[in-house]
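Engineer: In my numbering, the protein residues as written are 3 to 425. All C-beta atoms, glycine included, are put in the ideal place defined by N, C-alpha and C. Owing to the predicted nature of the structure, the values given are computational and were not obtained by experimental measurement. One structure, pasted below without further comment.
So, in C-alpha cells, the structure goes:
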C-alpha cells in the first residue's frame with residue numbers, strides 16, 4: 003500500500019471513532035452470557051446487513067461437532083442459538099480473511115462489587131466500562147467499523163472478507179468458531195481481536211479434571227467409625243499442589259513468560275464434600291484446570307495427573323479398597339503455536355507498526371483461544387486487539403485509544419492481505 007492509501011484508511015477510521023464507541027456501547031448493553039446470546043446475535047446480524055454485508059446464520063450441529071477431536075462440549079443446548087456470518091464477497095483469485103469475535107461474555111457477578119452498571123456501557127475519561135467491553139465486544143465493533151471505513155474511503159479489499167460473530171468462546175468455542183469452520187466458513191487467514199496490544203501466536207493447552215473420593219459415613223457422635231472423604235482428599239490436594247510447584251519451576255516456554263510469569267499452572271479451583279455437619283463426609287470432589295505448553299500433549303498431561311494421584315494414595319488401606327476416580331470434562335484444548343514467519347503474521351505485524359510507530363512483539367497467552375481451531379484447517383491465525391483492564395472481573399473496561407488503533411490495524415490488514423493474489 004502506498005502512503006496515500008494508508009492515510010486515507012486511517013482518516014476514514016478517525017471520522018468513525020464516535021460510531022465505534024457507540025457501537026461498542028450498544029453491544030455491551032445487550033447481556034449475552036453463555037447460552038443467552040440470542041438478542042446480541044440478532045443485533046449483530048441487523049448491523050451487518052445495515053453495513054451492506056450479506057448475512058447468514060446457522061445453528062451448530064452437535065452430532066457433527068462430536069466427531070471433531072477439538073470439540074469442547076459446553077453442555078449448553080444449541081437449539082435456537084446461532085452463529086452470525088457477514089460476507090463482503092470479492093475476487094476468488096485473491097486472498098480472503100476472517101474477522102472473528104465472540105459475542106458471549108462471562109457472568110458479571112458479584113454485581114454489587116461493580117462501581118458502574120455492568121451492562122451500562124458507561125464512558126469515563128478514556129475508558130468504556132461494562133461486561134464484555136474488552137473481552138470482546140469492542141473487538142466485534144472494530145470489525146464492523148473497519149469495513150465501513152474502507153467503504154467510506156472508496157476502497158475495495160480485493161479478496162473476500164468474512165465477519166464471524168460466534169458463540170461460547172468462553173465455554174470452549176465448540177459451538178462457535180469450530181462450528182463455523184466445520185460448516186465451511188473458512189478463508190486464507192483469520193484475525194481475532196481478542197484483547198492484547200502484542201500479536202499473539204501461541205497459547206497453552208488446557209484441560210479440566212475432576213477427582214472423586216468416597217468415604218464412609220457415620221454419625222458425628224461415632225465419627226471414629228467413619229472414613230472422612232475430606233481428609234482423604236487432602237492427600238490428593240497436596241500432591242497436586244506439589245506438582246504445580248514443580249512444573250512452574252521447571253517447564254519453560256518463553257512466549258508465555260514475557261512478563262516473568264510461569265509457563266504453566268495447575269489450578270485447583272473447586273471442591274465440594276459431605277452433606278451434613280453431623281455426618282462424616284461420605285464423598286469429596288475436587289475440580290482443577292491444568293495448562294501445558296507446545297511440545298507437551300494432552301495424553302502426556304492426563305497420564306501425569308493420574309499418576310500423581312495414584313502415587314499420592316499408595317499405601318493407604320482405604321484407597322486400596324476404594325480408589326479415587328479421575329474424570330476429564332469440559333475444556334480439552336491442545337497447545338497451539340502459529341508459525342511466526344507466515345506471511346499473514348508478517349503482514350499484520352507491519353500494519354501494527356505503521357499505525358503505532360513502534361516495534362511490535364510476538365507473545366503467547368496462558369489461556370485458550372479460538373485461534374487453535376484454525377490449525378486443523380491449515381489457516382494461519384493470530385489475535386491482536388485493544389487493551390483495558392479487569393477481564394472477567396468487576397469494572398471491566400476497554401481503553402478507547404487502543405480500540406481506535408485496533409480498528410485502523412484491522413482495516414489496513416484487510417486491504418493489505420486481500421489485495422494480493424493467492425499463493
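1. Let me know if residue 279 comes out buried or exposed under the rule of 16 or more other beta-carbons within 10 Å of its beta-carbon.
2. Under 8 Å, do residue 388 and residue 373 count as touching if we go by C-beta distance?
3. Could you check if residue 173 is buried or exposed, using at least 16 other CB atoms within 10 Å of its CB as the buried criterion?
4. Quick one: which unbroken alpha helix (DSSP H) runs of 4-plus residues sit fully inside the stretch 193–269? Chain order, please.
5. Taking 6 Å as the limit between beta carbons, can you name the residues of its chain near residue 175, skipping five residues before and five after?
6. Using C-beta distances below 7 Å, list every residue in its chain close to residue 320, excluding the 5 sequence neighbours before and after it, in chain order.
7. What residue ranges within the stretch 301–380 form continuous alpha helix (DSSP H) runs of no fewer than 4 residues, ordered along the chain?
8. With distances taken from CA atoms, which of 158, 57, 44 and 106 is nearest residue 414?
9. Report the CB separation of residue 102 from residue 194 in whole angstroms; it is logged as a contact under 8 Å.
10. Please state if the CB of residue 160 and the CB of residue 64 are separated by a distance shorter than 8 Å.
11. Can you grab the Cα-Cα spacing for the pair residue 83 / residue 39, in whole Å?
12. Inspect the beta-carbon positions of residue 402 and residue 130 and report whether they are closer than 8 Å.
13. For residue 214, tell me which candidate among 325, 260 and 302 has the shortest Cα-Cα distance.
14. Tell whether a beta-carbon distance below 8 Å holds between residue 178 and residue 337.
15. Given 8 Å as the limit, is there contact between the stretch 354–362 and the stretch 236–250, that is, 3 or more CB pairs closer than that?
16. Going by beta carbon distance, what residues of the same chain come within less than 8 Å of residue 406, once the five residues before and after it are set aside?
17. Note down, in chain order, each residue of its chain lying with its Cβ closer than 7 Å to the Cβ of residue 377, except the 5 sequence neighbours on either side.
18. Nearest to residue 395 by alpha carbon, out of 78, 115 and 331?
19. Do you know how far the Cα of residue 289 is from the Cα of residue 270?
20. In terms of residues, what are the limits of the alpha helix (DSSP H) holding residue 433?
21. May I ask you to report which of helix, strand or coil DSSP gives residue 422?
22. Which residue wins for smallest C-alpha separation from residue 363, given the options 266, 302, 202 and 412?
23. Can you give me the start and stop residues for the alpha helix (DSSP H) that residue 145 sits inside?
24. Quick check on residue 164: does DSSP put it in helix, strand or coil?
Structural biologist: Taking the coordinates as given:
1. exposed
2. no
3. buried
4. 231–252
5. 372
6. 229 and 234
7. 319–323 and 345–358
8. 158
9. 5 Å
10. no
11. 7 Å
12. yes
13. 325
14. no
15. no
16. 15, 16, 19 and 22
17. 338
18. 115
19. 6 Å
20. Residue 433 lies beyond the range of the chain shown here (3 to 425); nothing can be said about it.
21. coil
22. 202
23. 140–154
24. strand
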